[in-house]
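The sequence shown begins at 2 in this note's numbering and counts up one residue at a time. Heads up, the thing below is written out as structure tokens.
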Amino acid sequence: MFAQVAIEKIPNKLFTYRVTEGMGVCVGQKVTVPWKRIYHSGYIVALTEESPFKPKMQPPEAIQSNLFGEAEEPVKGIKALTEIVDPLPYFSATTIKLLQWLANYYDVGFTLALRSALPAPVREHGSHAQERFVVAPIVPRPKGLPQLSKRLQELYDDIVRVDGGTLTQLCAEFKTTPASLRKLATQGYVTCERTIVQRNPLAGRKILPSRPLPLTEEQAIALEGILQAKQPVLLFGVTGSGKTEVYMQAIANVLAEGKSTIMLVPEISLTPQTVNRFASRFGKTVAVLHSALSDGERHDEWHRIRRGEAQVVVGPRSAVFAPVKDLGLLIVDEEHDGGYKQDEAPRYSARDVAVVRAGLEGAICVLGSATPSLESWRNATELKKYTLLRMTHRVGQSSLPGVTLCDMNHERTQSGALPIFSERLIEAIKERLLRGEQTILFLNRRGYAPTVRCVACKETLTCERCSMKLTYHAKDDTLRCHSCGAWQRPPTQCPICGHSQFDRTGFGTQRVEQTLHAILPQARIIRMDADSTSRRHSHDELLNAFRAKEADILLGTQMIAKGLDFPNVTLVGILAADRSLDIAYDFRAAERTFQLIAQVSGRAGRGDLPGEVFVQTFQPDHPAIQAACRCAFENFANDELATRKEEGLPPYTRLAMLTFSAKDEKLVERVATEGALRLAKAPGLNVLPAMPAPMERKEDYWRWQVCLRAPTTKQITHACNIVFPADNRYTDELKIHLDIDAVFLG
Ligand code: ADP
Ligand code: ZN
Numbered sequence: 002m003f004a005q006v007a008i009e010k011i012p013n014k015l016f017t018y019r020v021t022e023g024m025g026v027c028v029g030q031k032v033t034v035p036w037k038r039i040y041h042s043g044y045i046v047a048l049t050e051e052s053p054f055k056p057k058m059q060p061p062e063a064i065q066s067n068l069f070g071e072a073e074e075p076v077k078g079i080k081a082l083t084e085i086v087d088p089l090p091y092f093s094a095t096t097i098k099l100l101q102w103l104a105n106y107y108d109v110g111f112t113l114a115l116r117s118a119l120p121a122p123v124r125e126h127g128s129h130a131q132e133r134f135v136v137a138p139i140v141p142r143p144k145g146l147p148q149l150s151k152r153l154q155e156l157y158d159d160i161v162r163v164d165g166g167t168l169t170q171l172c173a174e175f176k177t178t179p180a181s182l183r184k185l186a187t188q189g190y191v192t193c194e195r196t197i198v199q200r201n202p203l204a205g206r207k208i209l210p211s212r213p214l215p216l217t218e219e220q221a222i223a224l225e226g227i228l229q230a231k232q233p234v235l236l237f238g239v240t241g242s243g244k245t246e247v248y249m250q251a252i253a254n255v256l257a258e259g260k261s262t263i264m265l266v267p268e269i270s271l272t273p274q275t276v277n278r279f280a281s282r283f284g285k286t287v288a289v290l291h292s293a294l295s296d297g298e299r300h301d302e303w304h305r306i307r308r309g310e311a312q313v314v315v316g317p318r319s320a321v322f323a324p325v326k327d328l329g330l331l332i333v334d335e336e337h338d339g340g341y342k343q344d345e346a347p348r349y350s351a352r353d354v355a356v357v358r359a360g361l362e363g364a365i366c367v368l369g370s371a372t373p374s375l376e377s378w379r380n381a382t383e384l385k386k387y388t389l390l391r392m393t394h395r396v397g398q399s400s401l402p403g404v405t406l407c408d409m410n411h412e413r414t415q416s417g418a419l420p421i422f423s424e425r426l427i428e429a430i431k432e433r434l435l436r437g438e439q440t441i442l443f444l445n446r447r448g449y450a451p452t453v454r455c456v457a458c459k460e461t462l463t464c465e466r467c468s469m470k471l472t473y474h475a476k477d478d479t480l481r482c483h484s485c486g487a488w489q490r491p492p493t494q495c496p497i498c499g500h501s502q503f504d505r506t507g508f509g510t511q512r513v514e515q516t517l518h519a520i521l522p523q524a525r526i527i528r529m530d531a532d533s534t535s536r537r538h539s540h541d542e543l544l545n546a547f548r549a550k551e552a553d554i555l556l557g558t559q560m561i562a563k564g565l566d567f568p569n570v571t572l573v574g575i576l577a578a579d580r581s582l583d584i585a586y587d588f589r590a591a592e593r594t595f596q597l598i599a600q601v602s603g604r605a606g607r608g609d610l611p612g613e614v615f616v617q618t619f620q621p622d623h624p625a626i627q628a629a630c631r632c633a634f635e636n637f638a639n640d641e642l643a644t645r646k647e648e649g650l651p652p653y654t655r656l657a658m659l660t661f662s663a664k665d666e667k668l669v670e671r672v673a674t675e676g677a678l679r680l681a682k683a684p685g686l687n688v689l690p691a692m693p694a695p696m697e698r699k700e701d702y703w704r705w706q707v708c709l710r711a712p713t714t715k716q717i718t719h720a721c722n723i724v725f726p727a728d729n730r731y732t733d734e735l736k737i738h739l740d741i742d743a744v745f746l747g
């Protein structure tokens with residue numbers, strides 16, 4: 002028999018090895034194989050009876066080398082698989098099919114696709130890293146055992162006294178060696194066994210069990226629709242309509258059939274609150290996979306899932322590959338979220354992978370959102386590829402909050418300078434302070450002031466390595482690049498004209514916090530952004546403090562836009578609602594703005610008290626802002642789809658972005674320009690001329706882009722592979738990457 006093996010370190014090829022009889026191989030196992038005189042770990046991707054190679058196609062090196070001293074005669078010169086690392090597979094045959102689809106669709110090497118399906122700590126440690134030898138004394142001391150030396154007798158007494166421990170612990174504590182402990186074991190005084198020590202991310206949390214709530218009529222209809230679904234379901238439910246409760250009851254149904262669930266959530270809404278909700282309902286069968294866990298925790302959770310000990314997996318994007326057994330349900334919550342798209346190769350969309358995986362495994366797929374992506378909306382309405390289920394009311398007495406638009410153009414003329422707050426918003430915050438209710442303020446920009454400009458020459462300070470304005474951070478008096486993270490002290494002289502005075506314009510969360518302190522000194526404020534949450538648990542701590550009403554105002558970036566459920570919040574203020582509208586190059590700008598306003602507004606009035614939302618904007622007449630304020634998703638979506646159709650934009654066409662980056666400015670420009678011309682000859686392909694990327698420089702690299710559109714993705718990848726063969730896309734001088742269904746166009 003022969004095994005096709007993907008070697009972890011080699012992204013673009015598969016290798017064939019001979020399988021020694023009786024090894025007990027199966028597809029998906031982790032194995033060790035020889036390659037170029039070194040042992041590598043890899044995974045069995047396929048098994049065949051016949052060698053897939055004709056003899057002359059074998060690598061000569063495989064024939065000549067007998068370095069690994071195999072016992073049997075090599076069959077036709079193909080080397081043998083060295084060992085099976087773990088008999089229990091890492092990938093099911095269906096996951097391998099899924100990864101083949103992914104590699105194909107996103108145009109990446111299969112092994113790269115496979116690697117992305119394993120959390121880094123699992124790739125790096127293998128499956129035995131968490132195993133410990135546990136030594137336990139046998140008490141009372143059994144009779145008729147051989148006499149112990151004085152030293153071993155003492156050691157045995159010590160072990161009895163501390164009631165055993167791990168091999169490493171005991172060696173350190175009693176200044177002894179593993180050999181001595183093993184000797185005690187062979188002589189029958191202690192047992193020494195391999196055990197798996199679990200590191201559990203939920204350990205130490207108080208989790209109270211919860212019971213299913215009686216469903217509202219809308220929820221019950223949705224649940225029924227999900228359980229009966231014959232195709233993917235789009236659950237379009239307004240914020241606070243109780244989607245999570247529906248998910249949980251669907252999961253309970255699937256569990257009762259002995260099947261597993263994967264629930265994907267955006268990384269930033271994977272708060273302890275979300276996790277606790279699931280843990281309360283499903284207990285130990287919940288596994289959490291996310292990057293805030295320690296490596297050990299992630300490693301253990303993944304293996305627990307693989308062994309079938311956890312049947313409900315909650316995690317971000319990469320959890321779509323979780324090795325659950327018998328998948329019955331795959332949920333993608335907030336399916337419109339940009340975070341489901343990976344921004345490095347393979348640039349997959351976890352939402353789309355979820356739909357494909359569920360299809361391959363015959364599982365129910367639920368995409369849920371209050372503001373579905375236009376891709377999914379079209380699939381559910383126009384194409385009827387998804388079943389559309391609606392939940393239009395909030396649970397209980399609460400209704401969607403009323404939205405007030407604040408035209409900031411008006412505010413500016415009144416006071417002369419550009420204010421951060423409209424007067425009405427400040428009044429509304431004051432009312433909340435008096436009533437002991439809470440406020441959430443949203444601003445999609447961190448730091449103090451986003452632009453620092455020379456007063457004399459009006460030049461804005463930008464990052465030396467990126468085309469990005471530097472943001473002033475008052476807290477540590479630095480200028481920071483939000484693209485590459487580089488920082489510097491504010492210069493004393495303008496690098497262009499030498500003048501020594503600077504203007505700081507615009508505002509970020511730090512400046513808002515300072516201004517708010519000045520206007521409302523009595524208000525207690527929690528600021529939540531990338532700068533205030535860099536420690537591992539600070540994110541949770543800040544949210545818990547707000548929940549415990551230790552603050553009146555929660556001020557934050559997109560980190561606070563989703564999923565938060567604070568019943569005492571009755572006011573939400575969106576400080577610069579049109580910020581994302583200004584992104585002219587991004588055809589999804591209106592869609593994003595709508596989503597943002599609707600999601601952030603959805604944080605208000607979730608309890609018994611009614612909510613109110615203030616949206617500050619310079620473009621009060623923009624259709625996306627108008628529609629979001631009326632919570633008119635369907636109108637907005639249908640109008641926007643009509644525009645997209647007219648302009649030949651997704652979802653009516655497939656769009657991919659080819660990005661070229663190099664340190665040599667001329668080289669990128671030339672390769673991109675010539676590439677665009679050659680691509681334009683491919684049939685069915687619509688190619689825009691090569692252009693500098695919106696962020697033309699990033700970390701010292703010059704970047705150019707070519708935007709490609711075609712009726713199918715296949716046409717795009719096919720043409721790109723002819724013009725830029727996959728093997729040549731990554732050289733020291735020039736890097737080319739293809740982003741299928743691009744979401745971040747910067
Ligand atoms: P969504 O996910 O749609 O924004 P949630 O699932 O967070 O909404 O529900 C909003 C609130 O309503 C939560 O506090 C939840 O506990 C509560 N809730 C949901 N369903 C019910 C129900 N059937 N009966 C009572 N309360 C419910
Ligand atoms: Zn930079």
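All C-beta atoms in this analysis are idealised placements derived from N, C-alpha and C, irrespective of residue type, glycine included. From a predicted model like this one, the values you see are computed outputs, not experimental measurements.
| request: Using three-state DSSP, classify Lys-431 as helix, strand or coil. | output: helix
| field | Runs of alpha helix (DSSP H) wholly within the region 94-135 (minimum 4 residues, chain order) | value | 94-107, 111-117, 121-126
| task | Assign Phe-16 to one of two classes, buried (16 or more other C-beta atoms within 10 Å of its C-beta) or exposed (fewer than that). | result | buried
| query | Quick one: what's got a C-beta closer than 6 Å to Gln-494's C-beta in the same chain, skipping five residues either side? | reply | Ser-501
| field | Backbone secondary structure at Leu-48 - three-state DSSP | value | strand
| task | Assess, as a yes-or-no matter, whether the region 356-371 is touched by the region 241-256 under the definition of 3 or more beta carbon pairs within less than 8 Å. | result | yes
| Can you check whether the CB of Gln-312 is closer than 8 Å to the CB of Thr-272? | no
| Roughly how far, in whole angstroms, is the beta-carbon of Tyr-473 from the beta-carbon of Arg-505, given that I think they are within contact range, below 8 Å? | 5 Å
| message | Nearest by alpha-carbon distance to Glu-80: which of Tyr-44, Pro-35, Asn-105, Thr-49 is it? | response | It should be pointed out that residue 80 corresponds to Lys in this sequence rather than to Glu. Nearest C-alpha to Lys-80: Pro-35.
| said: Can you list, in chain order, the residues of its chain with a C-beta nearer than 8 Å to that of Arg-466? Leave out the 5 residues immediately preceding and following it. | reply: Cys-482, Cys-485, Ala-487, Arg-698, Lys-699, Glu-700, Asp-701
| How long is the line joining the alpha carbons of Ser-270 and Leu-149, rounded to whole angstroms? | 59 Å
| Unbroken beta strand (DSSP E) runs of length 3 or more, entirely within the region 226-274: which are they? | 234-238, 261-265
| task | Report buried or exposed for Pro-61, applying the criterion of at least 16 other Cβ atoms within 10 angstroms of its Cβ. | result | At Pro-61, the pLDDT of 44 sits below 50, so the modelled position is not reliable; the number obtained from the coordinates is stated separately. Classification for Pro-61: exposed.
| request: Would you tell me roughly how many angstroms separate the C-alpha atoms of Leu-471 and Val-456, rounded to the nearest one? | output: 16 Å
| query | Can you tell me the Cα-Cα spacing of Thr-262 and Leu-401, whole angstroms? | reply | 30 Å
| query | By how many angstroms is the C-alpha of Glu-648 removed from the C-alpha of Glu-225? | reply | 38 Å
| Where do the ends of the beta strand (DSSP E) carrying Phe-615 lie? | 613-618
| query | Near Gln-343, what residues of its chain come up, given a Cβ to Cβ distance below 7 Å and the 5 sequence neighbours on each side ignored? | reply | Arg-318, Tyr-349
| Outcome for Arg-19 when other beta-carbon atoms lying within 10 angstroms are tallied against a minimum of 16 | buried
| Inside the region 321-385 only - beta strand (DSSP E) runs reaching at least 3 residues | 328-334, 365-370
| query | When you compare each of Leu-168, Arg-116, Met-560 to Ala-137 by their alpha carbons, which one comes out closest? | reply | Leu-168
| message | At a cut-off of 7 Å, would you count Leu-214 as near the ligand ADP, judging by its Cβ distance to the nearest heavy atom? | response | yes
| task | Let me know the secondary structure DSSP gives Ser-181 once reduced to three states. | result | helix
| Should Met-392 go down as buried or exposed, given a rule of 16 or more other Cβ atoms within 10 Å for buried? | buried
| said: Once DSSP output is grouped into helix, strand and coil, what is the label at Gln-439? | reply: strand
| query | In chain order, what residues of the same chain have a beta carbon less than 6 Å from the beta carbon of Thr-461, not counting five sequence neighbours either side? | reply | Thr-452, Arg-454, Lys-470
| Helix, strand or coil at Glu-687 [DSSP, three-state] | Reading off the sequence, residue 687 comes out as Asn, not Glu. Strand.
| task | List the DSSP bridge partners of Glu-84. | result | Thr-33
| request: Report the option in Thr-388, Glu-246, Gln-596, Phe-637 whose CA atom is closest to the CA atom of Ser-211. | output: Glu-246
| message | Measuring only from the beta carbon, is Gly-238 closer than 7 Å to any heavy atom that is part of the ligand ADP? | response | yes
| task | With a 10 Å radius around its C-beta and 16 neighbouring C-beta atoms as the bar for buried, classify Cys-458 as buried or exposed. | result | exposed
| field | Proximity below 8 Å, CB of Phe-634 to CB of Thr-372 | value | yes
| Where do the ends of the beta strand (DSSP E) carrying His-738 lie? | 735-741
| In three-state DSSP terms, what is Ala-475? | coil
| query | If you drop the 5 nearest sequence neighbours on each side, which residues of the same chain put their C-beta closer than 7 Å to that of Ala-114? | reply | Leu-100, Leu-103, Ala-104, Pro-347
| field | Contact test: Ser-350 Cβ vs the ligand ADP heavy atom, cutoff 7 Å | value | no
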